[in-house]
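Read in order, the letters of the sequence shown correspond to residues 81 to 374 in the working numbering.
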Amino acid sequence: MGIILSGAAVRLTSSGLGCSTWPNCKPGQFTPELTMASGIHPFVEFGNRTLTGVLSIFAIAVLLVTWRWLGHKGAGFRRLAWIPLIGTALQAMIGAFVVWLDLHPGLVSPHFLISPLLGAVSMVLLVRLYDGDGRMHLAVPARAMRVFVPLAAVGFVVLVLGTIVTGTGPHSGDAGDVTRIALNPMIAARMHAVAVYVFCALLAALLVVLHRSHARREAIVAAWWLVALTLAQGIVGYIQYFLGLPELVVFFHMIGAALFAATIAWVGARLVTWQDAGSPATATHLTHDSTEAR
Numbered sequence: 081m082g083i084i085l086s087g088a089a090v091r092l093t094s095s096g097l098g099c100s101t102w103p104n105c106k107p108g109q110f111t112p113e114l115t116m117a118s119g120i121h122p123f124v125e126f127g128n129r130t131l132t133g134v135l136s137i138f139a140i141a142v143l144l145v146t147w148r149w150l151g152h153k154g155a156g157f158r159r160l161a162w163i164p165l166i167g168t169a170l171q172a173m174i175g176a177f178v179v180w181l182d183l184h185p186g187l188v189s190p191h192f193l194i195s196p197l198l199g200a201v202s203m204v205l206l207v208r209l210y211d212g213d214g215r216m217h218l219a220v221p222a223r224a225m226r227v228f229v230p231l232a233a234v235g236f237v238v239l240v241l242g243t244i245v246t247g248t249g250p251h252s253g254d255a256g257d258v259t260r261i262a263l264n265p266m267i268a269a270r271m272h273a274v275a276v277y278v279f280c281a282l283l284a285a286l287l288v289v290l291h292r293s294h295a296r297r298e299a300i301v302a303a304w305w306l307v308a309l310t311l312a313q314g315i316v317g318y319i320q321y322f323l324g325l326p327e328l329v330v331f332f333h334m335i336g337a338a339l340f341a342a343t344i345a346w347v348g349a350r351l352v353t354w355q356d357a358g359s360p361a362t363a364t365h366l367t368h369d370s371t372e373a374r
């Protein structure tokens, strides 16, 4: 999430080419240098790069701890623990091409999208760590999962369309002449809004299913947090739209985006469980299933 916010700071302060090359900030110079011409832009850009390095250290630590002390969580947990490191390395590679190709929006969008996906995976790892050590199985009625899968897919579409809106708007990441997506910003914003409406409809349907089936409390709580976040994000989105995309409001919208994917993943992780078959959550799920069958 810090990568998302520091990346937003790069874009909103037009610091995207504050460092003109990669991995050096300037040719023959790894770290930025304060000059009257460049101002703080190189430091903002280099700060985002440095945070990626910090994230890499944590990703390696997660992997080492998982393989050294968490083998009892199963092979699936170990495979999942690889993703933060792989995603961070991919993030750095794409970031290099973003600089080399002068902030082309076709690369800036996937450069951003990796971060919320990493946030989602990290959330699943966190829930999985404290949930149990058995095989994964549903902790809610199957129809809840049938609603959640399209919900998660539409949530990702919302994020993708959000990057397209940004790619057509004024915040290119650099004060100079930077390529933008050749699409009317108004059309892009409306496409984004329609996807959000579909997401809200699916989220409402999921809440109805969870409450009517008396699903586990953890799933219901996570779903309601997603409702609160989605409403807050929508309010901020409309504010930035009607105020002409002021930088501070856009930054708050990016905070919401950082939380959005992770919260969707939190809901999904609470629809399943890794607890043993005799655990309370599993017993409740089996009771509901048998009631529905009768």
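In this text, a Cβ means the ideal position worked out from N, Cα and C, and glycines have one as well.
In this text, all values refer to a predicted model and were calculated from it rather than measured experimentally.
Asp213 burial status per 10 Å Cβ neighbour count (16 or more: buried)
So Asp213 counts as exposed.
Contacting residues, own chain, Cβ-Cβ under 6 Å from Pro112 (five flanking each side not counted)
The residues Cys105, Pro122, Phe123 and Phe126, in chain order, have a CB closer than 6 Å to that of Pro112 in the same chain once the five nearest residues on each side in sequence are set aside.
Arg226 versus Met81 - alpha carbon distance
Each residue's alpha carbon lies about 28 Å from the other.
How would you call Asp356, buried or exposed, if buried means at least 16 neighbouring beta carbons within 10 angstroms?
So Asp356 counts as exposed.
Going by DSSP in three states, Leu143 sits in which element: helix, strand or coil?
Residue state for Leu143 is assigned as helix, using DSSP reduced to three classes.
For Thr101, the three-state DSSP class (helix, strand or coil):
Coil at Thr101, not helix or strand.
Within the chosen definition, does the segment 312-323 reach the segment 184-194 through at least 3 CB pairs nearer than 8 Å?
Remark: fewer than three beta-carbon pairs, one from each stretch, lie closer than 8 Å, so the segment 312-323 and the segment 184-194 are not flagged as touching.
When DSSP builds the beta bridges, which residues end up paired with Lys153?
Paired residues: none, contrary to the question.
Since Val238 and Phe279 should fall inside the 8 Å C-beta cutoff, what is the C-beta to C-beta distance between them, to a whole number of angstroms?
Val238 to Phe279, Cβ: 6 Å. Contact.
Where Arg374 and Val330 are concerned, what is the direct C-alpha to C-alpha distance, given to the nearest angstrom?
At Arg374, the pLDDT of 41 sits below 50, so the modelled position is not reliable; the number obtained from the coordinates is stated separately. The C-alpha of Arg374 lies about 52 Å from the C-alpha of Val330.
Would Ala161 be called buried (16 or more neighbouring beta carbons within 10 Å of its own) or exposed?
Buried, by the Cβ-count rule.
I'd like the span of the alpha helix (DSSP H) that includes Glu327, first residue to last.
For Glu327, the uninterrupted alpha helix (DSSP H) segment begins and ends at Glu327 to Arg350.
Shortest alpha-carbon distance to His217 belongs to which of Leu85, Gly348 and Ile84?
The shortest C-alpha separation from His217 is found at Gly348.
Same chain only: Cβ atoms within 6 Å of Val179, ignoring 5 sequence neighbours per side:
Residues of the same chain with a CB within less than 6 Å of the CB of Val179, apart from the 5 flanking positions on each side, are Trp102 in chain order.
Grab me the residues of Leu85's own chain with a C-beta within less than 7 Å of its C-beta, minus the 5 sequence neighbours each way, in chain order.
Around Leu85: Met334, Ile335 and Ala338.
State buried or exposed for Met173, treating a residue as buried only when at least 16 other CB atoms are found within 10 Å of its CB.
Result: exposed.
Judging by CA-CA distance, which residue of Ile300, Ser195 and Ala232 is the nearest neighbour of Leu290?
That would be Ile300, whose Cα lies nearest to the Cα of Leu290.
Thinking just about the alpha-carbon of each residue, which of Ala155, Asp182, Leu165 and Leu135 is nearest to the one in Cys99?
Put simply, of Ala155, Asp182, Leu165 and Leu135 the residue whose alpha carbon is nearest the alpha carbon of Cys99 is Asp182.
Do we get a CB-CB distance below 8 Å when we pair Ile261 with the residues of chain C?
Of the protein chains in this structure there is only one, and it is not chain C.
Where does Gln171 land, buried or exposed, given buried means 16+ other C-beta within 10 angstroms?
Looking at its Cβ environment, which holds 16 or more other Cβ atoms inside 10 Å, Gln171 is buried.
What is the rounded straight-line gap between the Cα of Thr371 and the Cα of Val288?
Only weak support is given to the placement of Thr371: the predicted model assigns it a pLDDT of 47, under 50, and the question is left unresolved by the model.
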